[in-house]
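Asks:
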Amino acid sequence: MPDLVTHVVAGYGLQRAVWPRLSPWFLAGAVLPDVITRPFTILWPGSYWWTMPLHTPVGLLLVCAAIGFLRGRRSVFLNLGGGALLHSFLDLFQAHLAGSYYLFFPFSWRSVEVDLMWPETSLYLLPLWVVLGIWLGIRELRGRRVVAEPRTD
Amino acid sequence: MTVRILGVVSCLLGLAALSFYSARTGSAEVDTIPEIIAKGGLPNGQEVALTSDVKITDIGADRFVAQQGRARIGVLIPAQLKPTWEETKPGIQNGDYVSLRAIYRAPGYLEAREFHVHKGRRLKIWVSLVALLVVGLLIVKQVREGSNA
C-alpha cells in the first residue's frame, strides 16, 4: 500500500475533479482497505489470512454495503465503494517479493500487481502530496467562504 | 429498519464466511513465521516467502533474526547475497520491516534467496496515522451534522 496521505490526497483530488461537493465518506473509502486489515496484521501477524479478504474487491463490497445499510443511505455505500476502488487501483502499482493483491478472491488465488514501485516508495513523493493537499484544502475553504458571504452590492 | 438490520447481518455473515475460507485455504504464495513454527518446522529445502509485517532483529555480519509477532526465526545470508547485504546493512535498524524469499533448513533456520528491507515502512505507518486522524475527524463531523452525502 502507498501511505494513507497519498491515498487521501489522490481521493480528494479525484473527487474534487469529478464532483463539486466533497464527501468525507469517499475519503474514508480511500483509507478503508488498510484501516480494516493493517492494524491486525501488524499486531497479530498470524491473522493475515483471516483479514486478507477485507482487502479484496468482494470483501470490500460487503464492508461498504454493511456500513451503507448501517447509515441507511445509498450515497454512503457508493462513496465508500468508490474510495475503496481507487485505493485498490493505486495499490496495484506496487511490488512485492511474493503474494500481492488477490483481486479475484474467493474465485481464484491468483495475485495481481504491476510491480512498479516498493510500497514505501510513495514516501519520497509525500512532500508533493502534502503541498497539493494543503493547496486543495485552502481552495475548498475559500470557495465555501465566497458562497457563505452575502453580496453587498 | 428490518431491511437495514438484515442487510448488515447478511454482509457480516458473508465477510465471516470469506475470512473462514481464506484462513482455512490460504495461498501457497505467502507463509508466516507463526505458521512455520506451529508446524514444528518444514521439510529441509522447502521454499518460503515471508512478506507480511516481518521485522528484522539481531543484525549480524551474515545473518539476522526475522520476527513476526512473537515468533522468531534465524535468517542466514548466503555468499551470493553478501554484496547486497553489505550494501543494505548500514541503514538497517532493529525493528525495520523486511520481505524475503528463503529456503527452510533443518533444524530451524532460513537461508535467504532474495530480500528487500522496507526502510521507510515505520515512517509510513506514522504518516498514515496522521491521514487517518484527519479522515476520522471529517467523518465524525459529518455524522454529527447528520449528513450522509
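Chains as they are written, first to last, in our numbering: chain S, 1 to 153; chain W, 1001 to 1149. Here a beta-carbon is modelled for each residue, glycine too, at the ideal position from N, C-alpha and C.
Thinking C-beta only, is S/V5 closer than 8 angstroms to S/L132?
Replies: Here the question's residue 132 of chain S lines up with position 132 in the first sequence. Here the question's residue 5 of chain S lines up with position 5 in the first sequence. No, the Cβ-Cβ distance between S/L132 and S/V5 is not below 8 angstroms.
Asks: Determine, using beta carbons only, whether S/L86 and S/G11 come nearer to each other than 8 angstroms.
Replies: In the first sequence, counting from the first residue as 1, residue 86 of chain S sits at position 86. In the first sequence, counting from the first residue as 1, residue 11 of chain S sits at position 11. Yes.
Asks: Looking at chain W, which residues of the segment 41–54 of chain S have a Cβ within less than 9 angstroms of any of its Cβ atoms?
Replies: Listed by position along the chain: T41, I42, L43, W44, P45, G46, S47, Y48, W49, W50, T51, M52, P53 and L54.
Asks: Mind checking if W/V1127 is an interface residue toward chain S, Cβ cutoff 8 angstroms exclusive?
Replies: Locating residue 1127 of chain W in the second sequence gives position 127, where the first residue counts as 1. Yes, because at least one Cβ of chain S sits closer than 8 angstroms to the Cβ of W/V1127.
Asks: Within 10 angstroms of the Cβ of W/L1129, are there 16 or more other Cβ atoms? Answer buried if so, exposed if not.
Replies: Here residue 1129 of chain W refers to the residue found at position 129 of the second sequence. W/L1129 comes out exposed.
Asks: Looking at the structure shown, is S/V114 part of a helix, part of a strand, or coil, going by DSSP?
Replies: Along the first sequence, read from residue 1 onward, the residue named residue 114 of chain S stands at position 114. Coil at S/V114, not helix or strand.
Asks: In its own chain, which residues sit with a C-beta less than 8 angstroms from the C-beta of W/G1120, not counting the 5 before and 5 after it?
Replies: Position 120 of the second sequence, counted from the start, is the residue given in the question as residue 1120 of chain W. So the list is empty, once near-sequence residues are dropped.
Asks: Return the Cβ separation of S/L80 and S/G29 in integer angstroms, given the expectation that the two are a contact with Cβ distance under 8 angstroms.
Replies: Stepping through the first sequence from its first residue, residue 80 of chain S is reached at position 80. Stepping through the first sequence from its first residue, residue 29 of chain S is reached at position 29. That belief holds up - the Cβ atoms of S/L80 and S/G29 are roughly 4 angstroms apart, short of 8 angstroms.
Asks: For S/P57, which residues in the same chain have their Cβ closer than 7 angstroms to its Cβ, ignoring the five residues on either side in sequence?
Replies: Along the first sequence, one-based indexing puts residue 57 of chain S at 57. S88 and L103.
Asks: When DSSP builds the beta bridges, which residues end up paired with W/E1087?
Replies: Working through the second sequence from its first residue, we reach residue 1087 of chain W at position 87. Paired residue(s): none; W/E1087 is not in a bridge.
Asks: Closer than 9 angstroms between beta carbons: that is the criterion. Which residues of the segment 111–128 of chain S meet it against chain W?
Replies: Result list: S111, W118, P119, E120, T121, S122, L123, Y124 and L126.
Asks: Quick check on the DSSP output: the alpha helix (DSSP H) that includes S/H87 runs from which residue to which?
Replies: Here residue 87 of chain S is taken as the residue at index 87 of the first sequence, counted from 1. Start and end: R74 to D91.
Asks: With H, G and I counted as helix, E and B as strand and the rest as coil, what does DSSP make of S/F69?
Replies: The residue given as residue 69 of chain S occupies position 69 in the first sequence. Here S/F69 sits in helix by DSSP.
Asks: Between which two residues does the beta strand (DSSP E) holding W/D1053 run?
Replies: Residue 1053 of chain W sits at position 53 when you count from the first residue of the second sequence. Counting along the chain, the beta strand (DSSP E) containing W/D1053 begins and ends at E1047 to T1057.
Asks: Can you tell me whether W/Q1093 is buried or exposed? The criterion is at least 16 other CB atoms within 10 Å of its CB, across all chains shown.
Replies: Locating residue 1093 of chain W in the second sequence gives position 93, counting from the first residue. When all chains shown are included, W/Q1093 counts as exposed.
Asks: Under DSSP, the alpha helix (DSSP H) around S/F105 begins and ends at which residues?
Replies: If you number the first sequence from 1, residue 105 of chain S lands on position 105. From DSSP, S/F105 is part of no alpha helix (DSSP H); its letter is neither H nor E.
Asks: How would you call W/I1005, buried or exposed, if buried means at least 16 neighbouring beta carbons within 10 angstroms?
Replies: Position 5 of the second sequence, counting from 1, holds the residue named residue 1005 of chain W. Exposed, since its Cβ has fewer than 16 Cβ neighbours within 10 Å.
Asks: Only counting the same chain, and skipping five residues up and downstream in sequence, which positions put a Cβ closer than 7 angstroms to that of W/V1030?
Replies: Position 30 of the second sequence, counted from the start, is the residue given in the question as residue 1030 of chain W. Within the same chain, W/V1030 has close Cβ partners A1049, T1051 and S1052.
Asks: Given that a residue counts as buried once 16 or more other Cβ atoms are within 10 Å of its Cβ, and exposed if not, what is W/K1124?
Replies: Numbered from its first residue, the second sequence carries residue 1124 of chain W at position 124. With 16 or more Cβ atoms within 10 Å of its Cβ, W/K1124 is classed as buried.
Asks: What in chain S is Cβ-close to W/R1004, meaning under 8 angstroms?
Replies: Working through the second sequence from its first residue, we reach residue 1004 of chain W at position 4. Those are F69, L70 and G72, listed as they occur along chain S.
Asks: Closer than 8 angstroms, Cβ to Cβ, to anything on chain S: give me those residues from the segment 1062–1077 of chain W, in chain order.
Replies: Hits within the stretch, in order: Q1068, G1069 and A1071.
Asks: Reducing DSSP to helix, strand and coil, say where W/Q1067 ends up.
Replies: Against the second sequence, residue 1067 of chain W aligns to sequence position 67. Reduced to three states, the DSSP call for W/Q1067 is strand.
Asks: Helix, strand or coil for S/E140? Go by DSSP, reduced to three states.
Replies: Counted from its first residue, the first sequence places residue 140 of chain S at position 140. Here S/E140 sits in helix by DSSP.
Asks: According to DSSP, simplified to helix, strand and coil, what is S/H55?
Replies: Within the first sequence, the letter at position 55 stands for residue 55 of chain S. If DSSP states are grouped into helix, strand and coil, S/H55 belongs with the helices.
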